[in-house]
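Trainee:
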Amino acid sequence: GAVVSQHPSWVICKSGTSVKIECRSLDFQATTMFWYRQFPKQSLMLMATSNEGSKATYEQGVEKDKFLINHASLTLSTLTVTSAHPEDSSFYICSARYTGGTEAFFGQGTRLTVV
Amino acid sequence: GIQVEQSPPDLILQEGANSTLRCNFSDSVNNLQWFHQNPWGQLINLFYIPSGTKQNGRLSATTVATERYSLLYISSSQTTDSGVYFCAVEPGGFKTIFGAGTRLFVKA
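Chains as they are written, first to last, in this note's numbering: chain E, 35 to 149; chain Y, 334 to 441.
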């Protein structure tokens, strides 16, 4: 099956610093990747759609300057949380799909804690 | 936008019991998937089922696209089945929209 890997699995950072999260498709090429955010005991909320070689498309209410997304290759998308604050603490999950595919595969998630 | 409703929100089962989880969606969809989120947060693909019926071991799923619902059946539940079950749909444009989930706890 398709494997999507996220790194790091967890990170603690100080308020005001930036954190980068990587999402890699290990055994397939992914033209499109997605970033989700999940608060405790809640569902996954789509933050943005990341397309290789072009700008990400952000969902309404998501600050594009706060959450920088780069999709520089067909196997890697990155999410950078800039000037992180405690309210940015959350579980971030990426997903990817085969180019031309229909099924979404998810990474293991990154738990971000901002102190 | 499309609404995805899952029921029940919470479910407690005795080990060995059967259960049915439901997912209703408010508009036509291109794709539908069921996921199990384990206690560590990992989303595990259970079924890709935009229509029809599929079975995988103790789990099976049925989607009736024309009536806009999908069902996930768990038979002979085990403690390792505990976690959150999400239904996720793709209304179009490759976005996957999640329901609120059903939180399942299976008692030994």
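Beta carbons are placed, not taken as given, at the ideal position from N, Cα and C, and that holds for glycine.
This structure is a prediction, so every number in the text was calculated from the model and none was measured.
If the criterion is Cβ atoms closer than 8 Å, does the pair L344(Y) and L405(Y) meet it?
Mentor: Their beta carbons are not under 8 Å apart, which means L344(Y) does not touch L405(Y) by this criterion.
Trainee: Residues of chain Y with a CB under 8 Å from the CB of I127(E): which are they?
Mentor: Those within 8 Å of I127(E) in chain Y are G374 and L376.
Trainee: Helix, strand or coil: how does DSSP classify D61(E) here?
Mentor: Coil.
Trainee: Can you give me the Cβ contacts of A350(Y) inside the same chain, cut-off strictly under 7 Å, excluding the 5 residues immediately before and after it?
Mentor: Taken in chain order, the residues that qualify are S410.
Trainee: Using 10 angstroms around the beta-carbon of D155(E), count the other beta-carbons present and answer buried if the total reaches 16, otherwise exposed.
Mentor: In this structure chain E extends from 35 to 149, so residue 155(E) is not present and cannot be described.
Trainee: Looking at the strands, I want to know which residues DSSP matches up with F125(E).
Mentor: F125(E) pairs with Q72(E) and R145(E).
Trainee: How about L78(E): is its C-beta nearer than 8 Å to some C-beta of chain Y?
Mentor: At least one chain Y Cβ lies under 8 Å of L78(E).
Trainee: Relative to the C-alpha of W44(E), which residue among G390(Y), Q375(Y), E348(Y) and S361(Y) is closest?
Mentor: Among G390(Y), Q375(Y), E348(Y) and S361(Y), the Cα nearest to that of W44(E) is on Q375(Y).
Trainee: Is the CB of Q366(Y) under 8 Å away from at least one CB in chain E?
Mentor: Yes, because at least one Cβ of chain E sits closer than 8 Å to the Cβ of Q366(Y).
Trainee: Counting only the same chain and skipping the five closest in sequence on each side, list residues whose C-beta sits under 6 Å from that of K440(Y).
Mentor: Cβ within range, chain order: Q347.
Trainee: Measuring CA to CA, which of R131(E), V115(E) and H41(E) is closest to Q63(E)?
Mentor: Comparing Cα-Cα distances from Q63(E) to each of R131(E), V115(E) and H41(E), the minimum goes to R131(E).
Trainee: Note down, in chain order, every chain Y residue with its Cβ under 9 Å from the Cβ of E137(E).
Mentor: Neighbours of E137(E) on chain Y, chain order: N364, Q366, N378 and Y381.
Trainee: DSSP state of D360(Y), grouped into three classes?
Mentor: Coil, per DSSP.
Trainee: Between K54(E) and the rest of its own chain, which residues show a CB-CB distance below 6 Å, the 5 nearest in sequence each way excluded?
Mentor: If we look at K54(E) and ignore the five residues flanking it on each side, its Cβ neighbours are T112 and T114.
Trainee: Using a Cβ-Cβ cut-off of 8 Å, state whether K513(Y) counts as contacting chain E.
Mentor: Since the first and last residues shown for chain Y are 334 and 441, residue 513(Y) lies out of range.
Trainee: Say whether the region 355-371 of chain Y touches the region 135-145 of chain E, bearing in mind that this needs 3 or more beta-carbon pairs closer than 8 Å, one atom from each stretch.
Mentor: Touching, yes, given that three or more Cβ pairs across the two stretches are closer than 8 Å.
Trainee: With distance defined between alpha-carbon atoms, name the residue in A82(E), A118(E) and Q76(E) nearest to L146(E).
Mentor: If we check each option's Cα against that of L146(E), A118(E) comes out closest.
Trainee: If you reduce the DSSP assignment to three classes, tell me which class T136(E) lands in.
Mentor: Coil at T136(E), not helix or strand.
Trainee: Quick check on I407(Y) - is its C-beta less than 8 Å from some C-beta in chain E?
Mentor: So no, I407(Y) is outside the interface.
Trainee: According to the Cβ coordinates, are N85(E) and T109(E) closer than 8 Å?
Mentor: The answer is no: Cβ separation not under 8 Å.
Trainee: Is there a Cβ of chain Y sitting closer than 8 Å to that of Q142(E), yes or no?
Mentor: Yes, Q142(E) counts as interfacial toward chain Y.
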